[in-house]
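Numbering (this note's numbering), first residue to last: 47 to 316. Notes follow the structure.
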Amino acid sequence: MTFILPIFVVLGLALPIAGSAEPQRLPWREAGLTERQAAAHLLDRFAYGARPGDVDRVVAMGLETWLERQLAGDLPEPELERRLAWLPSLRLSTREITQRYPNPGLVLRMMMHDGLIERPGETPASPEAESEMRSQMMSYARDKGYRPQRELIGQLYVQKLFRALYAENQLHEVLVDFWFNHFNVSITDNEARVYVLTYERDAIRPYVTGRFRDMLEATAKHPAMLLYLDNARSVADEGAPRTFDAAAFRRQQGARGGFGGRGGRGGFGG
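Structure, rendered in structure tokens:
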């Protein structure tokens, strides 16, 4: 918080810049900084730090103009878009993701329904038996065209790294990361995990420079948050269901926990 708070203090002072004909001059000389030092300070506060050549680019653009463009968030992103194109899950809808990356608990139930394995007994399975069942699940999932959830989470991590390294609209990415952490949904939750990528993409990213109320509503209604907070069964005062069909999603995702319980790792192989 000690890093983020100055961003919002300075943002409050700088917002009038975006609507003015001429960018307002930043008081870096009064602070005893050289122009290059001030550029490095801006990159430290409004970006993920200075990449090679960034200080020169900010100085060439002009500090005030660079800040104004960051507030507008309209810089072209050819390099970032080229790299994000390597990650196919970013282009999938929530439904497509849940169909391609099913919860291991759902795969287990499908195998029991197909008569491929017996229902687990009350006695815990031996490590050897559990390992054999995992192998059977992996084989069954491959035959069905399913992918392990760890692949999905890996693409979530990689896209965040790409955005931090290659985005030109760095302030937008810093704000996305801040609000994603503020409205946190953990990937260790077996039910919420599969929705985390679309949670950031659909409930956080579009709203970071808009109205806070819109982001609050989007996060509160997203399946990831509803499942993470065990709020999927919530109803309105008049008894009408809220916007999330909990029963349908739970049937689709299978029993809570799969093999690993609430904190287990994603995927069929752990």
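Yeah, the Cβ is synthetic: ideal placement off N, Cα and C, and Gly gets one too.
If you follow the alpha helix (DSSP H) that A37 is part of, which residue opens it and which one closes it? As displayed, the chain neither begins before 47 nor continues past 316, which places residue 37 out of reach and without an answer.
Boundaries of the alpha helix (DSSP H) in which F208 is found, first to last residue: The residue given as residue 208 occupies position 162 in the sequence shown. Per DSSP, F208 belongs to the alpha helix (DSSP H) from Q195 to Y212.
Look up D223 in the DSSP assignment and say whether it is helix, strand or coil. Counted from its first residue, the sequence shown places residue 223 at position 177. Three-state DSSP puts D223 in a helix.
The alpha helix (DSSP H) enclosing L272, as first and last residue numbers: Stepping through the sequence shown from its first residue, residue 272 is reached at position 226. Taken as a continuous stretch (DSSP letters only), the alpha helix (DSSP H) holding L272 covers P269 to Y274.
Which stretch, first to last residue, makes up the alpha helix (DSSP H) that contains F229? Taking the first residue of the sequence shown as position 1, residue 229 is located at position 183. In the DSSP annotation of this structure, F229 is not part of any alpha helix (DSSP H), being labelled neither H nor E.
Report the rounded CA-to-CA distance for F224 versus H87, giving the unit in angstroms. Along the sequence shown, one-based indexing puts residue 224 at 178. Along the sequence shown, one-based indexing puts residue 87 at 41. Those two C-alpha atoms are separated by around 19 Å.
Give the range of the alpha helix (DSSP H) segment to which Q83 is assigned. In the sequence shown, counting from the first residue as 1, residue 83 sits at position 37. Here the alpha helix (DSSP H) through Q83 covers E81 to F92.
State the start and end residues of the unbroken alpha helix (DSSP H) segment that holds V254. On the sequence shown, position 208 is the one that residue 254 refers to. Where V254 is concerned, there is no enclosing alpha helix (DSSP H), given that its DSSP letter is neither H nor E.
Quick check on the burial criterion: 16 or more other C-beta atoms within 10 angstroms. Buried or exposed for P122? Counting from 1 along the sequence shown, the entry for residue 122 is found at position 76. Result: exposed.
For F229, is the classification buried or exposed, using 16 other Cβ atoms within 10 angstroms of its Cβ as the cut-off for buried? As a first step, residue 229 is located in the sequence shown; it is residue number 183 there, counting from the start. The residue is buried, with at least 16 neighbouring Cβ atoms inside 10 Å.
Residue closest to N149, alpha-carbon to alpha-carbon, out of R129, T244, L198 and L113: Taking the sequence shown and counting its residues from 1, the one referred to as residue 149 is at position 103. Closest by alpha carbon: L198.
Go to V104, then tell me how far its alpha helix (DSSP H) extends in each direction, as first and last residue. Here residue 104 is taken as the residue at index 58 of the sequence shown, counted from 1. Membership of V104 in the alpha helix (DSSP H) is indicated by the continuous run D100 to M107.
Alpha helix (DSSP H) segment containing R128, residue limits: The count along the sequence shown starts at 1 and reaches residue 128 at position 82. Residues P124 to L130.
In three-state DSSP terms, what is P150? Numbered from its first residue, the sequence shown carries residue 150 at position 104. DSSP places P150 in helix when its eight states are reduced to three.
I163 (DSSP reduced to helix, strand or coil): Taking the first residue of the sequence shown as position 1, residue 163 is located at position 117. Of the three classes helix, strand and coil, the one that applies to I163 here is coil, per DSSP.
Own chain partners of A238 with C-beta closer than 6 Å, once the 5 adjacent residues on each side are dropped: Here residue 238 refers to the residue found at position 192 of the sequence shown. For A238, the CB contacts under 6 Å within the same chain, skipping 5 residues up- and downstream, are V231, A270, L273 and Y274 in chain order.
Straight-line gap, M317 to R155 (C-alpha atoms, nearest Å): As displayed, the chain neither begins before 47 nor continues past 316, which places residue 317 out of reach and without an answer.
Between the Cα of V204 and the Cα atoms of S177, S185, L243 and V220, which residue gives the shortest distance? Indexing the sequence shown from 1 puts residue 204 at position 158. Of the candidates S177, S185, L243 and V220, the one whose C-alpha sits nearest the C-alpha of V204 is L243.
Would the beta-carbon of S135 fall within 7 Å of that of Q195? Here residue 135 refers to the residue found at position 89 when the sequence shown is read from its first residue. Here residue 195 refers to the residue found at position 149 when the sequence shown is read from its first residue. No. Outside cutoff.
Measuring only between beta-carbons, confirm whether I143 sits less than 7 Å from chain B. Among the chains of the structure shown, chain B does not appear; only one protein chain is present.
Can the beta-carbon of L217 be found less than 7 Å from the beta-carbon of Q70? As a working note, residue 217 is residue 171 in the sequence shown. As a working note, residue 70 is residue 24 in the sequence shown. No, these two residues do not count as a Cβ contact at 7 Å.
Alpha carbon to alpha carbon, how far is K267 from D260? Position 221 of the sequence shown holds residue 267. Position 214 of the sequence shown holds residue 260. Computed Cα separation, rounded: 11 Å.
Going by beta-carbon coordinates alone, are R193 and Y147 separated by less than 7 Å? Residue mapping note: residue 193 aligns to position 147 of the sequence shown, counting from 1. Residue mapping note: residue 147 aligns to position 101 of the sequence shown, counting from 1. For R193 and Y147, yes; Cβs fall inside 7 Å.
So, is N236 buried or exposed, given that buried needs 16 or more other C-beta atoms within 10 angstroms? Here residue 236 corresponds to residue number 190 of the sequence shown, with the count starting at 1. A residue is called buried once 16 or more other Cβ atoms fall within 10 Å of its Cβ, and N236 is buried on that count.
Going by other Cβ atoms of all chains shown within 10 Å of its Cβ, with 16 needed for buried, is E127 buried or exposed? The residue labelled residue 127 in the question sits at position 81 within the sequence shown. When all chains shown are included, E127 counts as exposed.
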